[in-house]
Amino acid sequence: MVITSIDTDLFINLGELPSEVIALILVLLPKCMLPELLYCLPIRKIVASNILSNVNIIDEIRRHKFSDMPGDGYSECVCEQFELTLSNLKQGICQWNVFPRCVHLNHTNQLENVRDEYPELLVDAQSINGSFLGNEDQSSEESLRGFFTSKFKFDSLTLSYFRNPLTIPPIATNVTLKNVRMNNYVIPGVKKLDISVCFDNDESHLYMFSPDLEDLRIYTERSMQVILPPNLRKLAIVTESYPISFISEEMVNLKHLSLLWPGMSSFEQTGIEAPNLETLILESINVADFTGLQNLEHLKQLEVVQSIFPIGLFNEGFPELEMLSFSDCIFPDFEDFNNSSLIFSSNLKELRIKNSGFSSVHFSNFVQPPTLKILDLDSLSFNYEHLGENLQYIHVRASKATLKSDFRIPPMTEKFTLNASYLTFESMDFMYHLPTNLASLHLSAKRSGKLYPITQMVEWPSKMSEINFKNFNIDYFKLKQLNLNESGLTKIYISGGDVKKLDAGLFPVSVKDLSLTEMGIQQLPDSFENLENLQKLDLSGNQLRDIGPVKLPMASLQYLDVSQCNLRLISPFVVSMLEEKNKNAKLRVYAIDNVNVSVIDIRRVLKAIKGLSLVVSKFDKTLTEISKHSSRLHCQYTHVDPRIKQPEIDDLYNGSDSGSDEESSVTKNKRRKI
Numbered sequence: 001m002v003i004t005s006i007d008t009d010l011f012i013n014l015g016e017l018p019s020e021v022i023a024l025i026l027v028l029l030p031k032c033m034l035p036e037l038l039y040c041l042p043i044r045k046i047v048a049s050n051i052l053s054n055v056n057i058i059d060e061i062r063r064h065k066f067s068d069m070p071g072d073g074y075s076e077c078v079c080e081q082f083e084l085t086l087s088n089l090k091q092g093i094c095q096w097n098v099f100p101r102c103v104h105l106n107h108t109n110q111l112e113n114v115r116d117e118y119p120e121l122l123v124d125a126q127s128i129n130g131s132f133l134g135n136e137d138q139s140s141e142e143s144l145r146g147f148f149t150s151k152f153k154f155d156s157l158t159l160s161y162f163r164n165p166l167t168i169p170p171i172a173t174n175v176t177l178k179n180v181r182m183n184n185y186v187i188p189g190v191k192k193l194d195i196s197v198c199f200d201n202d203e204s205h206l207y208m209f210s211p212d213l214e215d216l217r218i219y220t221e222r223s224m225q226v227i228l229p230p231n232l233r234k235l236a237i238v239t240e241s242y243p244i245s246f247i248s249e250e251m252v253n254l255k256h257l258s259l260l261w262p263g264m265s266s267f268e269q270t271g272i273e274a275p276n277l278e279t280l281i282l283e284s285i286n287v288a289d290f291t292g293l294q295n296l297e298h299l300k301q302l303e304v305v306q307s308i309f310p311i312g313l314f315n316e317g318f319p320e321l322e323m324l325s326f327s328d329c330i331f332p333d334f335e336d337f338n339n340s341s342l343i344f345s346s347n348l349k350e351l352r353i354k355n356s357g358f359s360s361v362h363f364s365n366f367v368q369p370p371t372l373k374i375l376d377l378d379s380l381s382f383n384y385e386h387l388g389e390n391l392q393y394i395h396v397r398a399s400k401a402t403l404k405s406d407f408r409i410p411p412m413t414e415k416f417t418l419n420a421s422y423l424t425f426e427s428m429d430f431m432y433h434l435p436t437n438l439a440s441l442h443l444s445a446k447r448s449g450k451l452y453p454i455t456q457m458v459e460w461p462s463k464m465s466e467i468n469f470k471n472f473n474i475d476y477f478k479l480k481q482l483n484l485n486e487s488g489l490t491k492i493y494i495s496g497g498d499v500k501k502l503d504a505g506l507f508p509v510s511v512k513d514l515s516l517t518e519m520g521i522q523q524l525p526d527s528f529e530n531l532e533n534l535q536k537l538d539l540s541g542n543q544l545r546d547i548g549p550v551k552l553p554m555a556s557l558q559y560l561d562v563s564q565c566n567l568r569l570i571s572p573f574v575v576s577m578l579e580e581k582n583k584n585a586k587l588r589v590y591a592i593d594n595v596n597v598s599v600i601d602i603r604r605v606l607k608a609i610k611g612l613s614l615v616v617s618k619f620d621k622t623l624t625e626i627s628k629h630s631s632r633l634h635c636q637y638t639h640v641d642p643r644i645k646q647p648e649i650d651d652l653y654n655g656s657d658s659g660s661d662e663e664s665s666v667t668k669n670k671r672r673k674i
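Position 44, counted from 1, in the sequence shown is what full-length UniProt numbering calls 44; the numbers after and before it change by one each time, with no gaps.
Set out below in structure tokens:
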């Protein structure tokens, strides 16, 4: 969730907007944050409506609390419904005259309470969703059976671990059954059914379903025979090596088919005839002959996972295929492969090959159609000469890549990412011919990277918002020649270099997230205040032991990372927070793996600056004890590098008994005895 804190004035001013706009904004907020907004009078009615619109009835309310750590707020809250007891819900409905749109029940006792105390809730709510566990006790099953005979209906119903056979009447359109014994699976009116069959019993191995069914997912740990309903639009089968047979007529309505079936040796084995199939996902199948797929002339999306690459399948046919994905696939033995071409469908727009055994396959073997827009490749022998002119998204991972002076990013590219263990640019000419629409450029060398000299200032496209350069040993001159300050970049990530003295003027005012890690920085500028939009600053992995005071843009900055910087002091980074104009500013500082940092300095800055939150390693017992009673100091366990000399206690603490508002009285007394 993006919105993590409460700005009272902001939410009060929302009252000037149309109510439907306010409602849309409130949907974006963490659910556990909403009660705080009931105190904002101009919008409280709309807030109450949002709270009561989608509720989860529980016996005991537990809400996520607001965190004082900058950038956190209610970020831990991922609640999709607002939790209320039944009595709270009744009171809220009466007070605000708002009736729930969607109600969730998770225990049969709650179901009984609602039925007995507030039955109109089950009648008037637009959507009732129940999830019930059969092994709670015997009464839970009896309660559910009693409910089956009532007039109430669910929008979705999930049942788990009911051991005695059930017959479900037409009370839900969406049903999930997890290890539930059934008398039969013909549930009238159900549109979507998800079943997990794991019981080893004397149940029939023949499965029939309601003709109303449109979406069916089966997970099975046993052999089975399935009669497929004629109106099925979506089918997913997940099994191990158990034999499955399907009985069906031609399934003209089936659009989506997903099979995770190691025992499948050919598509014909399924017996499924689906001439209008649009999406096919095949995972962990033992298929070498894919010719049975060529009849799927309306197929738009094909995904193959952990199988064999279907060489020759796309030489003809598949006129409507737009998306093709292969993951963890291997090439079969194929003679004279290096002289063969891999042809793809003429209408293909997206091609993804990931984590596959293609290390011996050359990119030049791929014949790309001119329609291709998205290319995502892994484990290929990369050849940039064969990048299509119309590509918009390019993501390539290779073991080694060398790009010569003729390399150019294709002219229509919007995002270009190249990751390699060994990556060399023999010329930087491509940087002087960046595509007009380029918005993101990622270049990463996992082990070793080399950039030849940047001979002229780079001119960045106006749409460019993000760069990420890793392990290219960028020095001050190269950093200056990148001409970042003349760009409109909002995210800059550069790792690995030898800058020594940093100049904040090298970066654009537009930058919000600036990461300069392991850049050999030893001196920082006196101020970063020119970067007035900066929200995150990461300087980890540099040598900042002897820096002086550094002013930071506290009107915008929320997060500072100075981990592994051999710091002696924290105080130089927070001088701006002592200024009157920044008295309400909040900053979260990560400073882990700085074993020489002064305990005295840490305690002093925490006492002096209420808006400061600090994360350090567990290297001092006093700080660890203080952190147990503090919401602003966190001591985190980290692995200690044996090559780093451990500090002397006197060097860190020097016997000071200066107080801290972050200490408990017990800790203070202990310190006085030292």
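Glycine residues also receive a C-beta, built at the ideal position from the N, C-alpha and C atoms.
Where residue i sits in the DSSP three-state scheme
{"i": "CYS79", "result": "coil"}
{"i": "ILE602", "result": "helix"}
{"i": "ALA274", "result": "coil"}
{"i": "GLN126", "result": "coil"}
{"i": "GLN646", "result": "Legend: pLDDT at GLN646 = 47, less than 50; position of this residue unreliable, value from coordinates given subsequently. The answer is coil: DSSP assigns GLN646 none of H, G, I, E or B."}
{"i": "GLY15", "result": "helix"}
{"i": "SER143", "result": "helix"}
{"i": "ASP202", "result": "Bear in mind that the predicted position of ASP202 carries a pLDDT of just 49, short of 50, making it too unreliable to give a figure here."}
{"i": "LEU52", "result": "helix"}
{"i": "ASN174", "result": "strand"}
{"i": "ASN530", "result": "coil"}
Which residues DSSP lists as bridging residue i, in chain order
{"i": "ALA445", "result": "ALA420"}
{"i": "LEU166", "result": "MET182"}
{"i": "GLU20", "result": "Answer is none; GLU20 lacks a bridge partner."}
{"i": "GLN523", "result": "LYS501"}
Closest by C-alpha distance to residue i, when choosing among the options
{"i": "ARG62", "options": "SER53, MET457 and THR85", "result": "THR85"}
{"i": "GLU249", "options": "SER266, ALA274, GLN269 and ILE602", "result": "ALA274"}
{"i": "LYS512", "options": "VAL114, LYS536 and ARG604", "result": "LYS536"}
{"i": "ASP215", "options": "VAL238, TYR207 and LEU254", "result": "LEU254"}
{"i": "ILE394", "options": "ASP406, ASN419, LEU403 and THR402", "result": "ASN419"}
{"i": "LEU380", "options": "LYS450, LEU489 and ARG352", "result": "ARG352"}
{"i": "SER515", "options": "PRO525, VAL55, LYS501 and GLY496", "result": "GLY496"}
{"i": "ASN347", "options": "VAL367, MET431, LEU451 and PRO310", "result": "VAL367"}
{"i": "ILE187", "options": "ILE168, TYR432 and GLU580", "result": "ILE168"}
{"i": "LEU89", "options": "THR108, ASN113, VAL78 and CYS77", "result": "ASN113"}
{"i": "THR270", "options": "ASN276, PHE326, PRO243 and GLN294", "result": "PRO243"}
{"i": "ILE247", "options": "PHE209, LYS610, TYR219 and LEU280", "result": "PHE209"}
Other residues of its chain near residue i: CB distance less than 6 angstroms, five sequence neighbours each side excluded
{"i": "MET323", "result": "GLN301 and GLU350"}
{"i": "ASN468", "result": "HIS442 and TYR493"}
{"i": "MET412", "result": "ASN390 and GLN392"}
{"i": "LYS153", "result": "ILE171"}
{"i": "TRP460", "result": "SER487"}
{"i": "PRO647", "result": "Because the pLDDT at PRO647 is just 46, under 50, the model does not fix this residue reliably, and the value given afterwards should be weighed accordingly. If we look at PRO647 and ignore the five residues flanking it on each side, its Cβ neighbours are VAL595 and ASN596."}
{"i": "SER127", "result": "CYS102 and ASP155"}
{"i": "ILE547", "result": "LEU524 and PRO572"}
Contact set for residue i: own chain, Cβ-Cβ below 8 angstroms, skip 5 residues either direction
{"i": "ALA23", "result": "ILE46, SER49 and ASN50"}
{"i": "TYR161", "result": "LEU133, GLY134, ASN135, LYS178, ASN179 and VAL180"}
{"i": "PRO370", "result": "GLY388, GLU389 and ASN390"}
{"i": "CYS565", "result": "LEU539, SER540, GLY541, ASN542, GLN543, LEU544, ARG545, ALA591 and ASN594"}
Straight-line gap, residue i to residue j (C-alpha atoms, nearest Å)
{"i": "ASP593", "j": "VAL616", "result": "7 angstroms"}
{"i": "LEU17", "j": "GLN110", "result": "38 angstroms"}
{"i": "LEU122", "j": "GLY134", "result": "21 angstroms"}
{"i": "PRO165", "j": "SER245", "result": "24 angstroms"}
{"i": "ALA585", "j": "LEU534", "result": "14 angstroms"}
{"i": "GLN91", "j": "PRO553", "result": "47 angstroms"}
{"i": "LYS31", "j": "ALA608", "result": "34 angstroms"}
{"i": "GLU83", "j": "ASP59", "result": "9 angstroms"}
{"i": "SER563", "j": "PRO572", "result": "15 angstroms"}
{"i": "ILE12", "j": "LEU34", "result": "13 angstroms"}
{"i": "LEU105", "j": "TYR118", "result": "13 angstroms"}
{"i": "ALA125", "j": "GLU80", "result": "17 angstroms"}
{"i": "SER150", "j": "SER143", "result": "11 angstroms"}
{"i": "TYR422", "j": "MET519", "result": "19 angstroms"}
{"i": "residue 675", "j": "MET577", "result": "This structure does not reach residue 675, given that the chain is present from 1 up to 674, and the question cannot be answered."}
{"i": "ILE227", "j": "GLY146", "result": "30 angstroms"}
{"i": "ASN276", "j": "LEU293", "result": "12 angstroms"}
Any chain C beta carbon closer than 8 angstroms to residue i
{"i": "VAL114", "result": "Looking for chain C here will not work: only one protein chain is present."}
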